[in-house]
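Visitor: For the sequence shown, our numbering begins at 322 and goes up steadily by one. Every residue gets a Cβ at the ideal spot worked out from N, C-alpha and C, and that includes glycine. For clarity, every value in this text was computed on a predicted model and none was experimentally measured. Here it is, the structure in full.
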Amino acid sequence: EGMHGQEVQNWREYLARERQNLSDGLVIELPVKQKAQLSQMADSERAQLLADRFDGVCVHPESEIVHVWRGGVWCPVSTMELSREMVAIYSEHRATFSKRVINNAVEALKVIAEPMGEPSGDLLPFANGALDLKTGEFSPHTPENWITTHNGIEYTPPAPGENIRDNAPNFHKWLEHAAGKDPRKMMRICAALYMIMANRYDWQMFIEATGDGGSGKSTFTHIASLLAGKQNTVSAEMTSLDDAGGRAQVVGSRLIVLADQPKYTGEGTGIKKITGGDPVEINPKYEKRFTAVIRAVVLATNNNPMIFTERAGGVARRRVIFRFDNIVSEAEKDRELPEKIAAEIPVIIRRLLANFTDPEKARALLLEQRDGDEALAIKQQTDPVIEFCQFLNFLEEARGLMMGGGGDSVKYTTRNSLYRVYLAFMAYAGRSKPLNVNDFGKAMKPAAKVYGHEYITRKVKGVTQTNAITTDDCDAFL
């Protein structure tokens, strides 16, 4: 009886405590009940529990990659990270689970999550907000902007009378040296930096900086990565852009750096598709294969210009070449220049924005660089057909030299055959491996276009006649 009285007393004390808890607004759920709730939930309910662990969740419609809202941007999270977070929920409830249950919850999250929207191309994301390049307004980050990266730099208003020469002297010194003190080239280099900073991948161009070591190319790349954001910059190889697996590393980046490329000769298929805004196949490890547009600017640096064998002009119209040929002497080298310029980045950003309030001004400068004498000299160096075309004139009608690619050396000579003139030029210039007549014919159209001419042909009794004629400059090799 004494034992029974003790049990009654304990029960009364327990009821009193529970009434007090209820009056205080406290509800205590027993672990057993929690276990039961978790095990009885539908996959969608578990997915909602998982979603509640983050400040916001969305899913990329094409890749089905889940993104979460962190630090003002939408960050991709792997299936493994989501699985571990779901495991943490079970661990906190001291509940058992199976791999199937975890996988089902993660897959259900991809279904219930909001589809990801498209980011605005007019927004320049900083660490502390986004700058609207059209209106000039700066505002805090919001999920509705759908921004996935920022440049890691705090945006601050400009100082009165701010300018590059006085407020970013180290950058100005590098810029002046790299451009050979040519004001127009200085502006064109700044236009390239603006394109990278503003992530104008939609201009469908890529930058190639070429020249000897010690001429400023690495500093150019350093500045570019600071403007795009170190965390948004990836290094790759030209060959990796041609491969679906290799392209997985560049998804989500703002700047793709092809640094110190070895001598490259090829079609440039990958870089042409990426810079052309074409959807490309992506094959990431342990994730679903998908197709996406790579929204990044490509910057290639090398000692020797790349040689593209593609003859349709798809690469040529996208390629903006800068020659860096002013080597810094050992006495003038500043080992701390990268750090000094990094400290000037906010000023550089503001001046780029001030100089290119109309982005089309920057684009026009890049087109000027693409079609200028500097680029032409490099194209002549890397493409013998382009070099050859400088010695020709082009008529309005196809009444010039015959193509003359046959083996009849009596019928076709350098006096009447364009192909024979080409072979004579190749021998004179010491160029090996001339193109066959068919490939030469295909190469002539884009090569003539480099000089602003149109190459046309017609058939005369089954023989091809061109509109090309030789000039007096051909006397050196004819």
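1. Can the beta-carbon of HIS774 be found closer than 8 Å to that of PHE709?
2. Is the separation between the beta-carbon of PRO479 and that of ARG610 shorter than 8 Å?
3. Closest by CA to PHE645, which one among LYS455, GLU497, VAL380, THR791?
4. Please confirm whether PRO680 and ARG575 have their CB atoms less than 8 Å apart.
5. Just mark ILE510 as buried or exposed, buried being the case when its beta carbon has 16 or more other beta carbons within 10 Å.
6. In chain order, what residues of the same chain have a beta carbon less than 7 Å from the beta carbon of ALA663, not counting five sequence neighbours either side?
7. Quick one: grab the DSSP three-state call for GLN525.
8. Report the rounded CA-to-CA distance for ALA789 versus ARG736, giving the unit in angstroms.
9. How about THR586 and PRO600: do their beta carbons lie closer than 8 Å?
10. Determine which residues share a DSSP beta bridge with VAL378 and list them.
11. With respect to the beta strand (DSSP E) encompassing ILE707, which residues constitute its N-terminal and C-terminal limits?
12. Applying the 10 Å Cβ sphere with the 16-neighbour rule, what's the burial state of GLN786?
13. Verify whether the separation of the beta carbon atoms of ASN472 and SER441 is less than 8 Å.
14. Run through DSSP, which three-state label would ASP564 get?
15. Kindly indicate which three-state DSSP category ILE670 falls into: helix, strand or coil?
16. If distances are taken between C-alpha atoms only, which option among LEU562, GLU406, ILE592 comes closest to ARG640?
17. Where do the ends of the alpha helix (DSSP H) carrying LYS682 lie?
18. Would you mind sorting GLY751 into buried or exposed? The rule is 16 or more other CB atoms within 10 Å of its CB.
19. By the DSSP assignment, the beta strand (DSSP E) with SER412 in it spans what residues?
20. Rank GLN690, ASP564, VAL668 by C-alpha distance to the C-alpha of GLU475 and give the top, closest one.
21. Name the one or two DSSP bridge partners that LYS780 has.
22. So the candidates are LEU722, LEU562, PRO755; which of them puts its Cα closest to the Cα of PRO705?
23. Going by alpha carbons, who is nearest to MET508 out of GLN690, LYS661, VAL578, GLU717?
24. Compare the C-alpha of ILE707 against each of ARG656, LYS780, LYS661, THR630 and name the closest.
25. Count the other C-beta atoms from every protein chain shown that fall within 10 angstroms of the C-beta of ASN757, then say buried if there are 16 or more, exposed otherwise.
26. With THR400 and VAL380 assumed to form a contact (beta carbons below 8 Å), what rounded beta-carbon distance in angstroms separates them?
27. Given a cut-off of 8 Å on the beta-carbon distance, is the pair PRO626 and ILE642 in contact?
28. Which value, in whole angstroms, describes the spacing of the CA atoms of GLY598 and ARG741?
29. Whose CA, out of ALA434, GLY392, LEU674, TYR743, lies closest to the CA of LEU371?
30. Grab the span of the alpha helix (DSSP H) containing ALA368 for me, first residue to last.
31. Just to check my reading of the structure: ALA621 and LEU579 have Cβ atoms closer than 8 Å, yes? What is that Cβ distance to the nearest angstrom?
32. I need the boundaries of the beta strand (DSSP E) containing GLU640, first residue and last residue.
Guide: In terms of the structure at hand:
1. No, the pair does not count as a contact, with Cβ atoms beyond the cut-off.
2. No; because the gap between Cβ atoms is not below 8 Å, this pair is not in contact.
3. Among LYS455, GLU497, VAL380, THR791, the Cα nearest to that of PHE645 belongs to GLU497.
4. Cβ atoms of PRO680 and ARG575: not closer than 8 Å.
5. Counting Cβ neighbours within 10 Å, ILE510 comes out buried, since at least 16 surround it.
6. Non-local C-beta neighbours of ALA663 in its own chain, meaning closer than 7 Å and more than five positions away in sequence, comprise LEU547, ordered along the chain.
7. It is coil, neither helix nor strand.
8. Cα to Cα, ALA789 sits roughly 12 Å from ARG736.
9. In this structure, PRO600 does not lie closer than 8 Å to THR586 by Cβ.
10. When DSSP reads this structure, VAL378 sits in a beta bridge with VAL389.
11. Element bounds for ILE707: not the beta strand (DSSP E) but the alpha helix (DSSP H), 705 to 710.
12. By the neighbour-count criterion, in which 16 or more other beta carbons inside 10 Å mark a residue as buried, GLN786 falls on the buried side.
13. Their beta carbons are not under 8 Å apart, which means ASN472 does not touch SER441 by this criterion.
14. If DSSP states are grouped into helix, strand and coil, ASP564 belongs with coil.
15. DSSP places ILE670 in helix when its eight states are reduced to three.
16. Comparing Cα positions, the closest option is ILE592.
17. In the DSSP assignment, LYS682 falls within the alpha helix (DSSP H) that extends over 680 to 691.
18. With fewer than 16 Cβ atoms within 10 Å of its Cβ, GLY751 is classed as exposed.
19. Looking at the DSSP string, SER412 is not in any beta strand (DSSP E); the run it does join, the alpha helix (DSSP H), is 400 to 413.
20. The candidate whose alpha carbon is nearest that of GLU475 is VAL668.
21. Per DSSP, THR785.
22. The candidate whose alpha carbon is nearest that of PRO705 is PRO755.
23. Answer by Cα proximity: GLN690.
24. The shortest C-alpha separation from ILE707 is found at THR630.
25. Classified as exposed, ASN757 has fewer than 16 neighbouring CB atoms from the shown chains inside 10 Å of its CB.
26. That belief does not hold up - the Cβ atoms of THR400 and VAL380 are roughly 12 Å apart, past 8 Å.
27. Yes, these two residues count as a Cβ contact at 8 Å.
28. Between GLY598 and ARG741, the C-alpha separation is close to 40 Å.
29. With distances taken between Cα atoms, LEU371 lies closest to ALA434.
30. Per DSSP, ALA368 belongs to the alpha helix (DSSP H) from 364 to 372.
31. Between ALA621 and LEU579 a beta carbon distance of about 4 Å is seen, short of the 8 Å cut, so the two are scored as contacting.
32. Note on residue identity: the sequence assigns Arg, not Glu, to residue 640. Per DSSP, ARG640 belongs to the beta strand (DSSP E) from 640 to 644.
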